[in-house]
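Undergrad:
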Amino acid sequence: MKREAEDTEELEDARTEIDRVDTELLRMLAERMELVRKVGEVKGRSAEAALLDPERERSILAKWTKTAEAAGLSGHFAGRILREILAHSRRTQEAHLDPDRAAGAGARTLRVGYQGEPGAYSELAAAKLFATRNSGTTEREGFRTFAATIDALHQERIDYALLPIENSIAGGIADVNRLLVDSGLMIVDEEVWEVEHVLAALPGAELAAIARVRSHAAALAQCGVFLRRLRDVVVEPWFDTAGAAESVARAGDTRIAAIASEEAAAAHGLVVLERNIADEDRNVTRFILIGREEELPPRSVPAKTSLLVLLDHSEGALARCLAAFEHESINLTRIESRPQPRTPWQYLFFIDVEGHRLDESLERALAKARSGCNLLRVLGTYPMRTKQPAHLDVGVSLPEGDGPPSEPAPVACTVTPAGSLTAMQEGRTRTIIDVGGVRIGGDRFTLISGPCAVESREQILEAAGMVRKRGAVMLRGGAFKPRSSPYSFQGLGHEGLALLREAGRAFELPVVTEVLRIEDIPAVVAAADVVQVGARNMQNFALLRELGRISRPVLLKRGMSSTVKELLMAAEYIMAGGNQQVILCERGIRTFETSTRNTLDLGAVAVLKACTHLPVIVDPSHAAGVRHLVVPLALAAAAVGADGLIVEAHPHPEEALCDKEQALTGEDLDRLVRGLVPILASQGRTM
Ligand code: PEP
Ligand code: MN
């Protein structure tokens, strides 16, 4: 009894302390924002000052991570917090760069309309956007439909409408596109919201007893796997997620649940039964802020411009229109075609480009494009909120080099038959493969690392944190292991896939894992960002053909007794099926030499770089077989021009269930990165 009372008291004391620390954190954050505003004011007075100062942000991040680690915190965790703070700060400063907004700040209450009930994702996004857009007060009003929201804007009952325009899973929202066409309204801003669905019900409810689940049809569709697991529940489409939460609260029945945001659940007094219930890891919706007048952002803010285009019905009209932007090196971020209801089989195009309407290059491109279109209307120029500044992506920063580029001179190549898909041809650009924002190929050097096999939840999480901290941008780990002996550890299979995905998510690392059998492709594709074909399967043509039909990049390892030509023909199998995203990997071959596990054929890397446009990476681990040889071989691979490395590393190599002799430790990875820095700098490349 006494012990229990003491425990309760101790717990309460600790909680009071936590509350005190939280209050202090917020006070300090407010103090930081005040200083950010001051900097914004100064930047606002100078015409030159750019909003984004990548050098300064990079150095703040590096220092912050170091200080956090010295204090015993995870550098990754601390870094995520800082990235949020920096993003919010940048937006706060934006208001100061705009003389109109700075002058009008706080002058009047702005009214923003959205579709849905309070607590709907649209309202959350509106609150987020106006937290920095407007320093005065904002009133938010929900409307039943998109059209009703737009009507209210026309009738000046609201100042702005915030409507969803596209979702990362479901795609474009046709109704909203249509409403923009004949409205004369302008896009004045955008916002992105990361949707996080929860299953919520009245207090006292139990997951096993839930009989009915209500939500917006889109949300129900996004949680299909979870709902099927619940067996025998009746699914009820509702007009809105927050509305579904409200109806569950009103029904007073603990057997009914809603899928909604955690915020909406809390607003209606519901408790969360389960989090992370969506099928896909990331579910992001982009909203546009629509106003009656154009509102051009200041020129120093990275901006985007939306266009509405109607092409004449002639051959090559679309290509000519797009070429106008290409000619000015303007990047397109979206192109969507919508039917024209009154003229079947004629299409309207919604095109977003990077840049400000008043940029000279964009003005030139628009003039040129206009001459070939039946209609080209600028729907608005507004601050771009969809891009994380690339300089904050990676924790390791390398000195810029001005040495010779690594690009080999074009040579006559005998290993790739003319006209083959893998061949580097004159005028062809090198393939750069984008894996969830990580680019493989080009002038980037990619470090992939992780254990040989996923062994347990603790092991893979610890490994992910360890390699991420050392500059790896992708996590490896085998779930299905091709072992020489049937008695060795064969991998955790499907459980391993789930653990790998969890670890990748926790540390924001895309993941790569091997597939052994055709029947496992769907599960591996669902869990992995890159699918690996191991050395033992390089000529499994049936498997290669199937991988030609998937949309994930394939990491193809060279077979241990295959020639370079055979490796390229294996890649050809995948590419012939349509999938052009092949990463070639040299991992050592069998020769008469037995002092290394395999003979790392760096000559082959040089040949491949000259003969193909595909990215080429090196696995020094399976070539070396022993730890002390891995780093020197890895450095040699960088020197010869490889686009990256896949290296085995383990938080406790002595305990590894697979390939423990060759697993690097965290310190080994540090040595590797230190060695890579001058080599890459001399080639004009970065990590
Ligand atoms: C691996 O990468 O885990 C592996 C088994 O490699 P390889 O296929 O090159 O032997
Ligand atoms: Mn291995």
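With this note's numbering, the residue at position 596 of the sequence shown is 1297, and numbering never jumps.
Cβ atoms here follow ideal geometry from the backbone N, Cα and C, with glycine treated the same way.
When burial is assigned at 16 or more other CB atoms within 10 Å of the CB, is residue 1346 buried or exposed?
TA: Label assigned to residue 1346: buried.
Undergrad: Buried or exposed: residue 941, going by 16 or more other Cβ atoms within 10 Å of its Cβ?
TA: The residue is buried, with at least 16 neighbouring Cβ atoms inside 10 Å.
Undergrad: In this structure, what does DSSP give as the bridge partners for residue 1022?
TA: None; residue 1022 has no bridge partner.
Undergrad: Would the segment 968-985 and the segment 945-957 be scored as touching if the rule is three or more Cβ pairs under 8 Å?
TA: Touching, yes.
Undergrad: May I ask you to verify whether the segment 977-986 touches the segment 923-936, counting CB pairs closer than 8 Å and requiring at least 3?
TA: The segment 977-986 is in contact with the segment 923-936.
Undergrad: Taking only heavy atoms of ligand 2 into account, decide whether any of them is closer than 8 Å to the Cβ of residue 1281.
TA: Residue 1281: no, Cβ never under 8 Å from ligand 2.
Undergrad: Helix, strand or coil for residue 917 per DSSP?
TA: In this structure, residue 917 counts as strand in the three-state DSSP scheme.
Undergrad: What first and last residue would you give for the alpha helix (DSSP H) that runs through residue 1275?
TA: Here the alpha helix (DSSP H) through residue 1275 covers 1265-1277.
Undergrad: Residue 1331 lies in the alpha helix (DSSP H); which residues open and close that run?
TA: Counting along the chain, the alpha helix (DSSP H) containing residue 1331 begins and ends at 1328-1341.
Undergrad: Can residue 1200 and residue 1169 be called in contact, C-beta distance under 9 Å?
TA: Cβ distance not < 9 Å, so residue 1200 and residue 1169 don't count as in contact.
Undergrad: Does the CB of residue 1189 have a neighbour CB from chain B at under 9 Å?
TA: In the displayed structure, chain B is absent; only one protein chain is listed.
Undergrad: Using 8 Å as the cut-off, classify the Cβ of residue 1323 as near or not near the heavy atoms of ligand 2, replying yes or no.
TA: Result yes, Cβ under 8 Å from ligand 2.
Undergrad: Tell me the residue span of the alpha helix (DSSP H) that contains residue 709.
TA: Unbroken alpha helix (DSSP H) run through residue 709: 703-746.
Undergrad: Is residue 1091 helix, strand or coil by DSSP?
TA: Legend: pLDDT at residue 1091 = 47, less than 50; position of this residue unreliable, value from coordinates given subsequently. Residue 1091: helix per DSSP, three-state reduction.
Undergrad: State the DSSP-derived secondary structure class of residue 839, mapped to helix, strand or coil.
TA: Here residue 839 sits in strand by DSSP.
Undergrad: Rounded to whole angstroms, what's the CA-CA distance from residue 1288 to residue 1139? Just pull it up for me.
TA: Distance between the alpha carbons of residue 1288 and residue 1139: 22 Å.
Undergrad: What residues are listed by DSSP as bridge partners for residue 922?
TA: Paired residue(s): none; residue 922 is not in a bridge.
Undergrad: Tell me which same chain residues have a C-beta within less than 8 Å of the C-beta of residue 1240, skipping the five on either side of it?
TA: Cβ neighbours of residue 1240 beyond the five flanking positions: 1260, 1263, 1267 and 1271.
Undergrad: Can residue 1261 be considered in contact with ligand 1, in the sense that its beta carbon sits closer than 8 Å to one or more heavy atoms?
TA: Yes - ligand 1 has a heavy atom lying nearer than 8 Å to the Cβ of residue 1261.
Undergrad: For the putative contact between residue 880 and residue 1080, defined by C-beta atoms under 8 Å, what is the C-beta separation to the nearest angstrom?
TA: The pair is not a contact, with the Cβ atoms about 12 Å apart (cut-off 8 Å).
Undergrad: May I ask you to report which of helix, strand or coil DSSP gives residue 1160?
TA: Residue 1160: helix per DSSP, three-state reduction.
Undergrad: Does ligand 1 have even one heavy atom less than 8 Å from the beta-carbon of residue 799?
TA: Residue 799 Cβ: outside cutoff for every heavy atom of ligand 1.
Undergrad: Rank 1354, 1051, 1036 and 1073 by C-alpha distance to the C-alpha of residue 1009 and give the top, closest one.
TA: Comparing Cα-Cα distances from residue 1009 to each of 1354, 1051, 1036 and 1073, the minimum goes to 1051.
Undergrad: Sorted by chain position, which residues of the same chain lie with C-beta nearer than 8 Å to residue 1206's C-beta, five sequence neighbours on each side aside?
TA: If we look at residue 1206 and ignore the five residues flanking it on each side, its Cβ neighbours are 982.
Undergrad: Would DSSP call residue 850 helix, strand or coil?
TA: Three-state DSSP puts residue 850 in a helix.
Undergrad: Going by the beta-carbon positions, is the gap between residue 1250 and residue 1228 smaller than 9 Å?
TA: No, the Cβ-Cβ distance between residue 1250 and residue 1228 is not below 9 Å.
Undergrad: If we count the other Cβ atoms within 10 Å of its Cβ and call it buried at 16 or more, is residue 1054 buried or exposed?
TA: Counting Cβ neighbours within 10 Å, residue 1054 comes out buried, since at least 16 surround it.
Undergrad: So residue 1083 and residue 998 are supposed to be a Cβ contact under 8 Å. How far apart are they, rounded?
TA: Sure, about 6 Å apart at Cβ, within 8 Å.
Undergrad: What does a CB cutoff of less than 7 Å around residue 1097 pick up in its chain, not counting 5 residues either side in sequence?
TA: The predicted position of residue 1097 is uncertain, since its pLDDT is 47 and thus under 50; no value can be drawn from it.
Undergrad: When the Cβ atoms of the segment 1137-1151 are set against those of the segment 1118-1126, are three or more pairs found closer than 8 Å?
TA: They do not touch, by the three-pair rule.
Undergrad: Below 8 Å CB to CB, which residues in the same chain sit around residue 1340 once its five sequence neighbours on both sides are set aside?
TA: Excluding sequence neighbours, residue 1340 sits near 1380.
Undergrad: Residue 1376 to residue 1336, Cα distance in whole Å?
TA: Going from the Cα of residue 1376 to the Cα of residue 1336 covers about 7 Å.
Undergrad: In whole angstroms, what is the alpha-carbon distance linking residue 1091 and residue 784?
TA: Its pLDDT being 47, under 50, residue 1091 is placed unreliably by the model, and nothing is read from it.
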